[in-house]
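2 protein chains.
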Amino acid sequence: MPDNLVYERQTYDAAFQGSHGAFSEDAAGLLLPPNPELLPCARLEDVFEAVHRGVARYGVIPVENTLAGSVHQSYDLMSEYDLTIVGEAISRIDHGLIGLPGSSLENIRRALSHPVALAQCEMFFRRNSSIEPVSVYDTAGAVQAILKNGDPASAAIASRRAAEVWGGVVLLESVQDHPENYTRFLLISKPMEMVRPQTVNYKRTIVFRIANEPGALCRALQPFMMHGVDVARIESRPVKGSPFEYLFYLDLVGTSDYDQMYQAVEELRSQALSLRVLGMYPRATQT
Amino acid sequence: MPDNLVYERQTYDAAFQGSHGAFSEDAAGLLLPPNPELLPCARLEDVFEAVHRGVARYGVIPVENTLAGSVHQSYDLMSEYDLTIVGEAISRIDHGLIGLPGSSLENIRRALSHPVALAQCEMFFRRNSSIEPVSVYDTAGAVQAILKNGDPASAAIASRRAAEVWGGVVLLESVQDHPENYTRFLLISKPMEMVRPQTVNYKRTIVFRIANEPGALCRALQPFMMHGVDVARIESRPVKGSPFEYLFYLDLVGTSDYDQMYQAVEELRSQALSLRVLGMYPRATQT
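Here the protein sequences line up with chains G and U, keeping their order. Going letter by letter, the first sequence gives residues 3 to 289 in our numbering. Going letter by letter, the second sequence gives residues 3 to 289 in our numbering.
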């Protein structure tokens, strides 16, 4: 848990998970005005906690990678905390295999990185079965760790920038399964009033829970069909303690007639066990 | 990769991922006749490979845990391999913190386990911040590893049975986030002809890909509403190399009139970029 006393001396523009050089730090650069004051956090929940306590105005969290899929923990924390999504960014991800200065690819026996980064490099690990993937809290932190540890058989999977920040050497470029690799990040803040959007270029994200009974999922999606609201993404997460019940997260795409969007969500609300609008925010384009 | 020459000497009843004492081995017991000959595999893909090559008649794979959510890798491998789902089992999961004989809880600094098992014990790690979670290939194998290594500061998160198999000691019972904890396993085999079911007590699992265009997801689900087919579960996985396109996996619940089920799937097939029926199998009940 972050230490309150140290924290309250300063308010940061945004908190992110990882060390300096993390991909979330790059995303913060896309989402905030130039030169933001950023707070690196060890764990994703520390990011939510920092925003919740007002230590950081915003949090930058990864939710989806185009090779590895959803970042489950971000979804779970969005339900747990009463925070609002106010923006999104899509960031290109290019992983290098990073070693100590002087070490070479042939000597590498283990590669440390964030589990979602390791999942993006599955084919690399299949081809190089002598290199063992090792999960750690973040990509840039893995570079920091191997440099501190000094073992030439250890490498990290992280960005070129992380290598530069911590003094590592790129032994192999672009080790992810496919060059087209993107992560979608969300910008979160304390709850704020949502204003009626003036364009169609927005998304609305909701989370709801429905009873575990036949037809419930199809009935829940029906209002969106009826009102012509596009569901861009559906994600389900288990409800802890209620086996085979789920929370569903929907990303809804802005409609020219906002009332259609509003109506569809209210119709679902009337049949759901619970429903919360997590935010309404401008749509990102790929960079 | 498994060694063909060694393998071809014997055909196993089923392959599972993990060492003896793994939860998948328990599930094999629920799905197969008594005393099956089982092949432990280091990685999940080795299970698919063993079934594909005919080394094992069946494979037992975890697909969903009621605390941690989906096992993504199983879904990805189901698309990659041309195998068929022929059964499912729901197994209660109870994790212990397992140490060396003579070691005590206060000394433990790291706990090794499968990442999906670690995700089931998130609250345990929040409460015990001096214990670091360490990802390894499997739960029972983690017990085996700590006993081999002999470090009294290392523990494993695994079943009581895994402790018994490998000679570990349960330092703490039921360390998962909630006592109600289940994993759903599937039984897979080489492709076989699917017979028209005689009861409603079955599931049909399909995977399909649709174009990344507005309304595509809702249109894809419409046939199931029209034909009264219950969608028990929806899971999406990214298409590698096509950012923000997804493969959707649906578990459909048996209908009294099988033609309705058949028609709904065929209507979806006519609009999908691709669609494959992964299997039709008797529904499991919780044990």
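Built from N, CA and C at the ideal position, the CB exists for glycine as well.
query: What are the complete beta strand (DSSP E) segments, minimum 3 residues, inside the stretch 23-77 of chain G?; result: 40-43 and 58-67
query: Where do the N-terminal and C-terminal ends of the alpha helix (DSSP H) with U/ILE148 fall, by residue?; result: 141-151
query: Based on the DSSP output, what are the partners of U/LYS192 in its beta bridges?; result: According to DSSP, which records beta bridges pairwise, U/LYS192 is partnered with nothing at all.
query: For a contact meaning CB atoms closer than 9 Å, what does U/HIS54 contact in chain G?; result: By Cβ distance, chain G contributes nothing, its closest Cβ being about 15 Å from U/HIS54, past 9 Å.
query: Assess, as a yes-or-no matter, whether the stretch 237-244 of chain G is touched by the stretch 197-206 of chain G under the definition of 3 or more beta carbon pairs within less than 8 Å.; result: no
query: Which residues in the same chain have their Cβ closer than 7 Å to the Cβ of G/TYR283, if we skip the five residues on either side of it in sequence?; result: ILE87, VAL88, GLY89, GLU90, TYR204 and LYS205
query: Name the chain G residues that come within less than 8 Å of U/GLN224, Cβ to Cβ?; result: MET227
query: Looking only at its own chain, which residues have a Cβ that is under 7 Å from the Cβ of U/VAL177, when we skip the five neighbours before and after it?; result: HIS97, GLY98, LEU99, CYS123, PHE126 and ILE159
query: Taking Cβ positions only, does U/GLY217 come closer than 7 Å to chain G?; result: yes
query: Please name the residue or residues paired with U/GLN19 in a DSSP beta bridge.; result: U/CYS43
query: Just verifying my parser: in three-state terms, what is the DSSP assignment at G/SER81?; result: helix
query: Excluding the five sequence neighbours on either side, which residues of its own chain have a C-beta within less than 7 Å of the C-beta of U/GLU1, listed in chain order?; result: Given a span of 3 to 289 for chain U in the structure shown, any question on residue 1 of chain U remains unanswerable.
query: Let me check one thing: in DSSP terms, what residues is U/ARG235 bridge-paired to?; result: U/ASP253
query: What are the boundary residues of the beta strand (DSSP E) that includes U/SER115?; result: 112-115
query: In chain order, what residues of the same chain lie with their CB nearer than 6 Å to the CB of U/HIS74, ignoring the 5 residues before and after it?; result: none
query: Indicate whether at least one CB of chain G lies closer than 7 Å to the CB of U/CYS220.; result: yes
query: With 9 Å as the C-beta to C-beta threshold (strictly closer), list the residues of the stretch 228-242 of chain G near chain U in chain order.; result: GLY230, VAL231, ASP232, VAL233, ALA234, ARG235, ILE236, GLU237, SER238, ARG239, PRO240, VAL241 and LYS242
query: Could you tell me which of G/PHE246, G/VAL279 and G/ARG112 sits nearest to G/PRO154, measuring between CA atoms?; result: G/ARG112
query: For U/MET228, is the classification buried or exposed, using 16 other Cβ atoms within 10 angstroms of its Cβ as the cut-off for buried?; result: exposed
query: Count the other C-beta atoms from every protein chain shown that fall within 10 angstroms of the C-beta of G/ALA142, then say buried if there are 16 or more, exposed otherwise.; result: buried
query: Going by beta carbon distance, what residues of the same chain come within less than 8 Å of G/SER258, once the five residues before and after it are set aside?; result: VAL202
query: Output the distance between the C-alpha atoms of U/GLU51 and G/LYS150, rounded to the nearest integer angstrom.; result: 39 Å
query: Given a cut-off of 7 Å, decide if G/ILE95 and G/THR185 are closer than it, judged by their beta-carbon atoms.; result: yes
query: Pick out whichever of G/GLY230, G/ASP261, G/ASP28 and G/ALA274 has its Cα sitting closest to the Cα of G/TYR251.; result: G/ALA274
query: What are the boundary residues of the alpha helix (DSSP H) that includes U/ALA222?; result: 218-228
query: Please work out which residues of its chain come closer than 6 Å, Cβ to Cβ, to U/ARG11, disregarding the five sequence neighbours upstream and downstream, and give them in chain order.; result: Residue confidence is low: U/ARG11 scores 47 on pLDDT, short of 50, so the model does not pin down where it sits. Its coordinate-derived value is still stated next. Correct list: empty, nothing qualifies.
query: What did DSSP end up calling U/ARG198 once you bin it into helix, strand or coil?; result: coil
query: Determine the closest residue to G/PRO199 out of G/ILE148, G/TYR139, G/GLU134 and G/ARG285, with distance taken between C-alpha atoms.; result: G/ARG285
query: Using DSSP's beta-bridge definition, name the partner residues of U/SER137.; result: U/SER115
query: With respect to the alpha helix (DSSP H) encompassing U/ARG162, which residues constitute its N-terminal and C-terminal limits?; result: 162-168
query: G/VAL267 lies in the alpha helix (DSSP H); which residues open and close that run?; result: 260-273
query: Helix, strand or coil for U/LEU107, going by three-state DSSP, please let me know.; result: helix
query: By the 10 Å Cβ neighbour count, where 16 or more other Cβ atoms means buried, how is U/PRO35 classified, buried or exposed?; result: exposed
query: Bridge partners for U/GLU90 per DSSP, in chain order?; result: U/LEU188
query: For G/GLU47, I'd like the list of residues in its chain whose CB is within less than 7 Å of its CB, leaving aside the five on either flank, ordered along the chain.; result: LEU79
query: List, in chain order, every chain U residue whose beta-carbon is nearer than 9 Å to that of G/GLY256.; result: Those within 9 Å of G/GLY256 in chain U number zero; the least Cβ separation is about 11 Å.
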